[in-house]
């Protein structure tokens, strides 16, 4: 039982970091960003390159990797997404294309083998009768702090106020002197940075290979559908629901059934409550 | 109508001439280079090692004048791990490239999908990657169509299950004195074939199988499964995986210091750089290997060293042993048959008695490689301190004893 509680919390924390970024950019710019999984993959590979190839200390490599991916997010928005933002289908296609390009570039550069991203903490921690890797606990802690900081950023700062304003009505915000385009780019960067942070934390104990972005992307999508597109609290709740459901299924039924959980959750949500749990438009 | 007939009668000889020029005649097919088609997943180490090993064998044979006075040449096609792409690779090699023989393979699911196309093309296939017994089943059930298929490597999963049971008996039960095991394996065809046999084998040995479970090949979090194994009270965890992430599996076992020894068939842990790749977290894992740098035959060490010199990599993975030997034994069969005609070469391949790089190679009545002492066998090696790979089973090849990781009590 304690195992489910602990491991479920770690899984939920990773999912929440991924889903919140995904929902954030949708809530603000109405962009369904199919390249979100690429941010996750790039975060892991950037850490790998900086720490294992360039031999930077992990404490420096990790934040650098997050910054690089955030920069890539901004670039993606400026160069590829912005010209097509008027068309939902156009944005879907261009972000899908970007994600495929990223995967192929990773494949050509690094091959399909699994890569090792070093852990911040090597030892294990015993909580009750449960042994858990220190890196997992660190992931949980950092994710909680990061999400808390994000909520503070949105609700307590001028930048947050600008995000809220643009998410409610970009044109009206523009008339009030808020540079909507710049906010879109910054939010894309923030969203990419959160996905990269998830990768930096989870890559030491999860998979690092070129196709690693797809599954988190699917999970983030599922969580956002369950939680309600554009809602941050909905995404956090969705992440908890999915993270714990998967862990419970893995423990009590079989690990081979876990991937089905998110799909079933999406199906039920779409049939019973298509707007999701917190499904109001742009409801931060 | 008459004019139409007139045009047609003029066209037919012209078409025949063009066809004659385009299609190689039987005579020219027997004089040009002997073409070896290599369908293999290029993005994976097994694929790259296959190509390097085939290339090594071809260079050696050509340096000695080739076969029947003809040089050998290699044509590669990427079969990936996707059956559809695998079928296209076979079509490309047989229909477009018109190869004389196919040497390759990795994923059983892909190989099984390719087989009908290989048989239709009436081209000899020497599998060196896939382990499912179903690959050579057609030889027994429908010899006329199935005879083109041989498995030159690795051991099929039935033989692997038997070798694993012997290891459990000799080391897990005999030396470590354990009585409780758990078996987990990836949900793939060759493992589905292997696990029931292994479970029965372990039970027959008097071992208590506390848990037997499959996991998805895409699994990235093994912690729930490892926790279940721990809770089951198993002292040794037999793991069987090839396509799933061995790296993640051992890291998660090590990170939480799960209190059971792990071992079994973990294909990616056969890589010479596996220990470094996972930051030393494989220490203690006992994995089956199909070849080690030891004098298994007079050819083992020279091949290993030449491979390392050629590729600059730490050592070959299993497909390299099979690929190199398969080219050699095919060349010998063609030499004996004095032709590359499939029917004649098959007859000679069936008589194969070849000392390969990791053992003696003979085919059984199913065109499957023979297993056991004197033939091809599994070697169980443990990753020990500083990434040293120590052979702990079978006894004849042993280079050291099992060492338990610090957090595991006997």
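Protein chains in written order, with my numbering: chain Z, 44 to 327; chain X, 2 to 411. For glycine and all other residues, C-beta sits at the position ideal for the given N, C-alpha and C.
Step through the CB atoms of chain X and report whether any lies within less than 8 Å of the CB of residue 54 of chain Z.
Residue 54 of chain Z counts as touching chain X.
Using the Cα positions of residue 81 of chain Z and residue 367 of chain X, report the straight-line distance between them to the nearest angstrom.
Residue 81 of chain Z and residue 367 of chain X: Cα-Cα distance of roughly 47 Å.
Spell out a yes or no on whether the stretch 171 to 182 of chain X and the stretch 140 to 154 of chain X are touching, meaning 3 or more CB-CB pairs, one atom from each, closer than 8 Å.
Taking 8 Å as the limit for Cβ pairs, the verdict is that the stretch 140 to 154 of chain X does not touch the stretch 171 to 182 of chain X.
Check the Cβ-Cβ distances between residue 188 of chain X and every residue of chain Z, and say whether any is below 8 Å.
Cβ-Cβ to chain Z under 8 Å: yes for residue 188 of chain X.
What residue does the alpha helix (DSSP H) around residue 84 of chain X start on, and which one ends it?
Boundaries of the alpha helix (DSSP H) harbouring residue 84 of chain X: 84 to 92, taken from the DSSP string.
Compute the Euclidean distance between the alpha carbons of residue 165 of chain Z and residue 268 of chain X, then round it to the nearest angstrom.
Going by the C-alpha atoms only, they are around 25 Å apart.
Consider the Cβ of residue 361 of chain X: report whether some Cβ of chain Z lies at a distance smaller than 8 Å.
For residue 361 of chain X, the answer is no, since every Cβ of chain Z falls outside 8 Å of its Cβ.
Fully enclosed by the stretch 263 to 316 of chain X, which beta strand (DSSP E) runs are 3 residues long or longer?
Runs of the beta strand (DSSP E) inside the stretch 263 to 316 of chain X: 287 to 290.
Can you pull out the residues from the stretch 227 to 249 of chain Z whose beta carbon lies closer than 7 Å to at least one beta carbon of chain X?
For the stretch 227 to 249 of chain Z, the residues whose beta carbon sits under 7 Å from a beta carbon of chain X are, in order, 248 and 249.
Assuming contact is defined by CB atoms lying nearer than 8 Å, are residue 326 of chain X and residue 357 of chain X in contact in what I supplied?
Yes, Cβ-Cβ distance for residue 326 of chain X and residue 357 of chain X is below 8 Å.
Can you list, in chain order, the residues of the stretch 281 to 295 of chain X whose Cβ is nearer than 8 Å to any Cβ on chain Z?
Cβ contacts with chain Z: none found.
Taking only beta-carbon atoms, is residue 217 of chain X less than 8 Å away from chain Z?
Residue 217 of chain X counts as touching chain Z.
Kindly give me the distance between the Cβ atoms of residue 38 of chain X and residue 94 of chain X, rounded to whole angstroms, as I take these residues to be in contact under 8 Å.
About 3 Å separates the two Cβ atoms, so the contact holds.
Determine contact between the stretch 329 to 343 of chain X and the stretch 376 to 390 of chain X, defined as no fewer than three beta-carbon pairs at a distance below 8 Å.
Not touching, per the Cβ criterion.
For the alpha helix (DSSP H) containing residue 141 of chain X, list its first residue and its last residue.
For residue 141 of chain X, the uninterrupted alpha helix (DSSP H) segment begins and ends at 138 to 142.
For residue 50 of chain X, is the classification buried or exposed, using 16 other Cβ atoms within 10 angstroms of its Cβ as the cut-off for buried?
The residue in question, residue 50 of chain X, is buried, as its Cβ has 16 or more Cβ neighbours within 10 Å.
For a quick check, are the C-beta atoms of residue 71 of chain Z and residue 227 of chain Z less than 8 Å apart?
In contact: residue 71 of chain Z and residue 227 of chain Z (Cβ atoms closer than 8 Å).
Could you tell me the alpha carbon to alpha carbon distance between residue 118 of chain X and residue 88 of chain X, rounded to whole angstroms?
One C-alpha to the other measures close to 7 Å.
Quick check on residue 218 of chain Z: buried or exposed, where buried means 16 or more other Cβ atoms within 10 Å of its Cβ?
Burial is judged here by how many other beta carbons sit within 10 angstroms of a residue's own beta carbon; residue 218 of chain Z has fewer than 16 and is exposed.
Hey, residue 155 of chain Z and residue 219 of chain X: beta-carbon distance below 8 Å or not?
No, the Cβ-Cβ distance between residue 155 of chain Z and residue 219 of chain X is not below 8 Å.
Tell me whether residue 317 of chain Z is buried or exposed, calling it buried when 16 or more other Cβ atoms sit within 10 Å of its Cβ.
Looking at its Cβ environment, which holds fewer than 16 other Cβ atoms inside 10 Å, residue 317 of chain Z is exposed.
Cross-chain neighbours of residue 45 of chain X in chain Z, by beta carbon under 9 Å:
Below the 9 Å Cβ cutoff, chain Z contributes 154, 155 and 156 as neighbours of residue 45 of chain X, in chain order.
Helix, strand or coil: how does DSSP classify residue 38 of chain X here?
Residue 38 of chain X falls in the strand class under three-state DSSP.
Measure the Cβ-Cβ separation of residue 289 of chain X and residue 165 of chain X and say whether it is below 8 Å.
With contacts defined by Cβ atoms closer than 8 Å, residue 289 of chain X and residue 165 of chain X form a contacting pair.
With DSSP collapsed to three states, give me the class of residue 399 of chain X.
Judged by DSSP in its simplified three-state form, residue 399 of chain X adopts coil rather than helix or strand.
Helix, strand or coil, according to DSSP, for residue 200 of chain X in the structure here?
In the structure shown, residue 200 of chain X sits in a helix (DSSP, three-state: H, G or I).
Between the Cα of residue 169 of chain X and the Cα atoms of X:67, X:106, X:245 and X:263, which residue gives the shortest distance?
Looking at the Cα atoms, X:263 is the closest of the given residues.
Taking 8 Å as the CB-CB limit, is residue 302 of chain Z close to chain X?
Under the Cβ criterion of 8 Å, residue 302 of chain Z is counted among the residues facing chain X.
Could you pull the start and end residues of the alpha helix (DSSP H) that residue 152 of chain X belongs to?
Element bounds for residue 152 of chain X: not the alpha helix (DSSP H) but the beta strand (DSSP E), 150 to 152.
For residue 178 of chain Z, would you say it is in contact with chain X, using Cβ-to-Cβ distances shorter than 8 Å as the test?
At least one CB atom of chain X sits nearer than 8 Å to the CB of residue 178 of chain Z.
Can you tell me where the beta strand (DSSP E) with residue 126 of chain X in it begins and where it stops?
Per DSSP, the continuous beta strand (DSSP E) segment holding residue 126 of chain X begins and ends at 125 to 128.
Go ahead and pull the three-state DSSP assignment for residue 163 of chain Z.
Coil, per DSSP.
State yes or no: is the beta carbon of residue 253 of chain X nearer than 8 Å to at least one beta carbon in chain Z?
It does: the Cβ of residue 253 of chain X has a partner Cβ on chain Z nearer than 8 Å.
Can you name the start and end residues of the beta strand (DSSP E) that residue 380 of chain X belongs to?
Counting along the chain, residue 380 of chain X sits inside the beta strand (DSSP E) bounded by residues 380 to 385.
Residue 137 of chain Z classed as buried or exposed, judged by whether at least 16 other C-beta atoms fall within 10 angstroms:
The residue in question, residue 137 of chain Z, is buried, as its Cβ has 16 or more Cβ neighbours within 10 Å.
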